[in-house]
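**Q** Mind having a look at this structure? Questions to follow.
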Amino acid sequence: MTTKRAEMLMLLVTFCWGSSYLFMKEGLASIGPFTLIAYRFLIAFAASAVFLGKAWRSVSWELLKAGFIVGSIVVVSFGAMVIGLESTTTSNAGFITSLMVVFIPFVERYVYHRPLQRGILGTSALSVMGIGFLTLHDGLHVNPGDLLCLAGAMINAGQVCYMSRLLTRLDPLQLGVIQFGVAGVWGLLLSLLLETPALPAGGSGWFAMLYLGLICSAFGFIAQMVAQKYTSAERVGILFCLEPVFAAMIGVIYLHEPFSLSSFIGAVLVLTGVILSGRVGKKQTVEA
């Protein structure tokens with residue numbers, strides 16, 4: 243796979259995750275956040291485990307350990323964001339979560355001692371500014387849940403950087419399946435301890451769980467792992483900035499939500515940041 247194809251695959255993953263807000267909202271209407279996590283990742287585990295086949299025999303202790311760590315990180319980040327969303331606005335949560343793209347270069351620099359890429363901070367800031375125009379129509383008002391969303395964004399940044407190191411030596415499909423199993427079990431345990439587990443309400447609730455499990459998780463996370471082997475963590479973070487753009491598009495098309503001038507400006511700024519970051523990456527590759 244070439245870098246260009248990998249980034250096109252990441253764009254498809256980002257679109258799937260942008261659509262997930264619609265189905266998460268549907269699911270959370272009848273079940274708790276950790277119950278949703280349990281359904282989502284256990285469905286993803288059941289669907290993806292069959293594809294391993296004989297590859298289960300080659301699963302090593304290193305891979306099990308990595309899958310446990312990544313799956314646990316996913317549950318912590320998802321839990322922080324979903325619980326934070328209950329005590330803040332959707333616009334605040336979307337904007338704060340997008341700050342992951344700013345955190346990634348600093349994780350790379352101060353945790354993994356990788357030099358800051360010239361120009362990446364500028365394109366990251368441009369993308370975050372665009373997301374601000376997309377989401378903060380009434381301004382940024384600090385709420386109790388904002389700190390949880392911020393923690394989730396920081397954890398996500400660390401997870402993306404950590405995955406970049408793991409994928410140099412581990413199989414993405416095997417790692418993804420184990421991650422799903424760990425996240426699903428954690429979600430189930432936490433739902434039993436902190437919530438009253440329930441079934442999704444009606445056909446729409448079950449459809450939402452199947453979409454989140456099969457499309458957003460089974461396909462989305464494994465495709466991310468495959469694609470991330472061929473691009474940088476910083477570039478992945480920039481591409482993730484398109485998630486609220488896709489979410490806004492879906493909201494306009496399916497929910498008939500308004501698309502204001504500030505939303506248009508925000509979408510243009512994010513797209514500009516994505517395009518410029520790609521050119522910056524190519525230029526630095528040539529110079530290297």
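The opening residue of the sequence shown carries number 243 in our numbering; numbering runs sequentially from there.
Even for Gly, the Cβ is constructed at its ideal location relative to N, Cα and C.
The structure presented is a predicted model; accordingly, all values stated were derived computationally and were not measured.
Is residue 411 helix, strand or coil by DSSP?
**A** For the purposes of this step, residue 411 is taken as the residue at position 169 of the sequence shown. DSSP places residue 411 in coil when its eight states are reduced to three.
**Q** Please classify residue 438: is it buried, with 16 or more other beta-carbons within 10 angstroms of its beta-carbon, or exposed?
**A** Counting from 1 along the sequence shown, the entry for residue 438 is found at position 196. Exposed, since its Cβ has fewer than 16 Cβ neighbours within 10 Å.
**Q** Please classify residue 439: does DSSP put it in a helix, a strand, or coil?
**A** Reading the sequence shown from its first residue, position 197 is the one you call residue 439. DSSP places residue 439 in coil when its eight states are reduced to three.
**Q** So which of 259, 481 and 391 has the shortest CA-CA distance to residue 518?
**A** The count along the sequence shown starts at 1 and reaches residue 518 at position 276. It is 481 whose Cα lies nearest to the Cα of residue 518.
**Q** What first and last residue would you give for the alpha helix (DSSP H) that runs through residue 328?
**A** Sequence index remark: in the sequence shown, residue 328 carries index 86 (1-based). Unbroken run through residue 328: none, as it is neither H nor E.
**Q** Find out if the Cβ-Cβ distance for the pair residue 450, residue 269 is shorter than 8 angstroms.
**A** For this step, residue 450 is matched to residue 208 along the sequence shown. For this step, residue 269 is matched to residue 27 along the sequence shown. Contact flag set, yes.
**Q** How big is the Cα-Cα spacing for residue 366 and residue 474?
**A** To locate residue 366, count along the sequence shown from 1; it is residue 124. To locate residue 474, count along the sequence shown from 1; it is residue 232. Rounded to whole angstroms, residue 366 to residue 474 spans 14 angstroms at the Cα level.
**Q** Assess, as a yes-or-no matter, whether the stretch 275-295 is touched by the stretch 394-410 under the definition of 3 or more beta carbon pairs within less than 8 angstroms.
**A** Taking 8 angstroms as the limit for Cβ pairs, the verdict is that the stretch 275-295 does not touch the stretch 394-410.
**Q** Rounding to the nearest angstrom, what Cα-Cα distance links residue 286 and residue 418 in this structure?
**A** As a first step, residue 286 is located in the sequence shown; it is residue number 44 there, counting from the start. As a first step, residue 418 is located in the sequence shown; it is residue number 176 there, counting from the start. Computed Cα separation, rounded: 9 angstroms.
**Q** Is residue 278 helix, strand or coil when you go by DSSP?
**A** To locate residue 278, count along the sequence shown from 1; it is residue 36. It is helical.
**Q** So does the stretch 299-306 actually touch the stretch 456-464, counting three or more Cβ pairs closer than 8 angstroms?
**A** No: fewer than three Cβ pairs fall under 8 angstroms.
**Q** Counting only the same chain and skipping the five closest in sequence on each side, list residues whose C-beta sits under 7 angstroms from that of residue 317.
**A** Mapped onto the sequence shown, residue 317 falls at position 75. Result list for residue 317: 279, 425, 428 and 429, in chain order.
**Q** Taking buried to mean at least 16 other C-beta atoms within 10 Å of its own C-beta, is residue 244 buried or exposed?
**A** Mapped onto the sequence shown, residue 244 falls at position 2. Exposed: under 16 other Cβ atoms inside 10 Å.
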